[in-house]
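All residue numbers for the sequence shown refer to the numbering used here, where the first residue is 9 and numbers rise by one.
Cβ atoms here follow ideal geometry from the backbone N, Cα and C, with glycine treated the same way.
What you are looking at is a predicted structure, and each value in this text was computed from that prediction instead of being measured.
Let me begin by presenting the structure, written as structure tokens, before commenting on it.
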Amino acid sequence: MTHPRAAAPMLCQACRLRSSAQRRTISTLPIRLPSSQRPAAQAPISSSSPSSFSITTARQASSPRYHSTTASFSSTSSSSSSSVSPEEVAHFNALASSWWDPYGPSRLLHQMNPLRHDFIRECIRDGAPSTAPSHSIYDLLPRTYLDIGCGGGIFAESAARLPTTTSVTAIDPSAEVLAVARAHARHDPVVFERLNYRQASIEDLAAEVTPSADGKSTGAPLYDMVTLFEVIEHVATDPAAFVDQCGQLLRPGGWLVMSTMARTWTSWLTTVVAAEDVLGIVPRGTHDWNKYINADELEAFFAPGAPASRTAVWQNARFQGVAYVPGLGWKVVPGGEKLGNYFFAVQKADISR
Numbered sequence: 009m010t011h012p013r014a015a016a017p018m019l020c021q022a023c024r025l026r027s028s029a030q031r032r033t034i035s036t037l038p039i040r041l042p043s044s045q046r047p048a049a050q051a052p053i054s055s056s057s058p059s060s061f062s063i064t065t066a067r068q069a070s071s072p073r074y075h076s077t078t079a080s081f082s083s084t085s086s087s088s089s090s091s092v093s094p095e096e097v098a099h100f101n102a103l104a105s106s107w108w109d110p111y112g113p114s115r116l117l118h119q120m121n122p123l124r125h126d127f128i129r130e131c132i133r134d135g136a137p138s139t140a141p142s143h144s145i146y147d148l149l150p151r152t153y154l155d156i157g158c159g160g161g162i163f164a165e166s167a168a169r170l171p172t173t174t175s176v177t178a179i180d181p182s183a184e185v186l187a188v189a190r191a192h193a194r195h196d197p198v199v200f201e202r203l204n205y206r207q208a209s210i211e212d213l214a215a216e217v218t219p220s221a222d223g224k225s226t227g228a229p230l231y232d233m234v235t236l237f238e239v240i241e242h243v244a245t246d247p248a249a250f251v252d253q254c255g256q257l258l259r260p261g262g263w264l265v266m267s268t269m270a271r272t273w274t275s276w277l278t279t280v281v282a283a284e285d286v287l288g289i290v291p292r293g294t295h296d297w298n299k300y301i302n303a304d305e306l307e308a309f310f311a312p313g314a315p316a317s318r319t320a321v322w323q324n325a326r327f328q329g330v331a332y333v334p335g336l337g338w339k340v341v342p343g344g345e346k347l348g349n350y351f352f353a354v355q356k357a358d359i360s361r
């Protein structure tokens, strides 16, 4: 795939043809290419946003590049190395106070949340046994959730409010963000009773689990559903090893559900150029295009021989493309997983039956 850097000369030339007034406007909105692909002599691009000033330079120096045409399943990936990036934590700490502002930096997450639940219900319905009567789908909905990288609790709170939910465990490495999440949860007695926030990483929880050959891991609670929305593209470790640890916390028959972005021309233009630089609807420094994961790469993490298959068998993998349309919100886009934002779900098979 042609890298977005190849378009830079054309974009610059287009800018020069505009009027001087337009040029002055454009100069305040620099188009940022993925950091690891910038020329070595180029100075780091500074941002007026205090929430992202340290991330740009840190990523240029040390951010791992995960993209490739095939998934990497290296046996040297260590589960002891932390998936938590200090730069990412610092970025989201700066956004903590505005997490529940529906018009603030997290407004796209608020607007996406209903589609998350719709996707989960579709997975449960389509993955139900053929012998199950339609009216029993309600009984198949998750009772227990683990929300990884929960942030301020947008999804965790909404899951806790569902009548079928008994408990939600939500983890995040940021103490500042969790303080906001806990304070907001106190406003709703139902949520406060069902929702447990923990300052922890996936490594902390996975260390409590003892995998077994039949997929029924012991030593820690296993969940009906494990979710990681807009998380995998922010982890500091190999994402294949990361999802393996997530899968260990899922009970057989449960679902692992996530959302992320494909590493394409379209996603670079929409999530970096448009969302961060031009429209400003997402704080600058939020996205690192190099860490986006294409749909085929993500699905390969769960294939036989991949890390997540060492302690589990996976089935019913499914995708759903989504796109943000200004003025209309998030919309389902069939095949959109090949262009930009998408949901992904896979079910952990119960091999003991």
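CA-to-CA distance, residue j to residue i, given in whole angstroms
i: L4; j: D147; result: Because residue 4 is not part of the residues shown, which for the chain are 9 to 361, the question remains open.
i: E241; j: V217; result: 24 Å
i: E243; j: T172; result: According to the sequence provided, residue 243 is Val. The question's Glu does not apply to it. When rounded, the distance between both Cα atoms is 31 Å.
i: E130; j: D212; result: 31 Å
i: R190; j: A183; result: 10 Å
i: V185; j: G161; result: 9 Å
i: R206; j: A178; result: 6 Å
i: L230; j: G348; result: 31 Å
i: M266; j: H118; result: 16 Å
i: A270; j: K356; result: 23 Å
i: S114; j: S106; result: 7 Å
i: S175; j: V251; result: 22 Å
i: P110; j: H125; result: 18 Å
i: L123; j: V188; result: 24 Å
i: F310; j: S317; result: 6 Å
i: D180; j: A208; result: 6 Å
i: Q323; j: T274; result: 29 Å
i: N121; j: G159; result: 13 Å
i: G313; j: A320; result: 11 Å
i: R169; j: V199; result: 6 Å
i: N204; j: M233; result: 15 Å
i: S56; j: V239; result: Any reading at S56 must be qualified, since the residue scores a pLDDT of 33, below 50, and its modelled position is unreliable; no value is offered.
i: I156; j: N302; result: 20 Å
Start-to-end residues for the beta strand (DSSP E) that takes in residue i
i: A208; result: No beta strand (DSSP E) contains A208, which DSSP labels as neither H nor E.
i: D232; result: 231-237
i: I179; result: 175-180
i: L155; result: According to the sequence shown, residue 155 is Asp rather than Leu. 152-156 is the extent of the beta strand (DSSP E) around D155.
i: V354; result: 349-356
Residue i (DSSP reduced to helix, strand or coil)
i: S114; result: coil
i: L186; result: helix
i: G329; result: strand
i: G337; result: strand
i: S88; result: Its pLDDT being 45, under 50, S88 is placed unreliably by the model, and the measurement read from it follows with that caveat. It is coil, neither helix nor strand.
Where the alpha helix (DSSP H) through residue i begins and ends
i: V199; result: 197-202
i: I359; result: Careful: I359 lies outside any alpha helix (DSSP H) and carries neither H nor E.
Interface flag, residue i vs chain D, CB-CB below 7 Å
i: D134; result: The chain inventory of the structure shown lacks chain D, comprising one protein chain alone.
Sufficient close CB pairs (3 or more, under 8 Å) joining the segment 147-156 to the segment 254-264: At 8 Å Cβ cutoff, the stretches touch.
Alpha helix (DSSP H) segments (min. 4 residues) lying fully within the segment 239-321: Segments of the alpha helix (DSSP H) lying fully in the segment 239-321: 247-256, 303-308.
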